[in-house]
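In the working numbering, the protein residues as written are 244 to 331. Where a beta carbon is used, it is the ideal one built from N, C-alpha and C, also for glycine.
Right, dumping it as structure tokens:
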């Protein structure tokens, strides 16, 4: 092996299939910015954030842990949502 050389495998990493993903359009209907974190159960988000809450039951934003998405007033965004893992 040469220093700095990478040895990559053709096999996928375990746990790559985290279940179903859902895309929803979210609109901030309020007059102040709203931030939604990576671990928030989406149906519990701020009431001024308008989206299909039933479709996101059991989901969180599909973004890196510890980050968030900011919704400015009147702005709509399409976001990806992932199901929470583990036992329910």
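For residue 320, the enclosing beta strand (DSSP E) has its first and last residue at 319–326. Within a 10 Å sphere around the beta-carbon of residue 308 sit fewer than 16 other beta-carbons, which makes this residue exposed. Taking the Cα of residue 298 as reference, the smallest distance to any Cα among 267, 246, 245, 252 is reached at 267. The three-state secondary structure of residue 304, taken from DSSP, is strand. Around residue 289, the same chain offers 277 as residues with beta carbons nearer than 6 angstroms, after the five sequence neighbours per side are excluded.
The three-state reading of DSSP puts residue 293 in strand, counting E and B together. In this structure, residue 324 sits near residue 305, with a CB-CB distance shorter than 7 angstroms. Secondary structure note for residue 280: its beta strand (DSSP E) is the uninterrupted segment 277–280. Around the Cβ of residue 327, a 10 Å sphere holds fewer than 16 other Cβ atoms; the residue is exposed.
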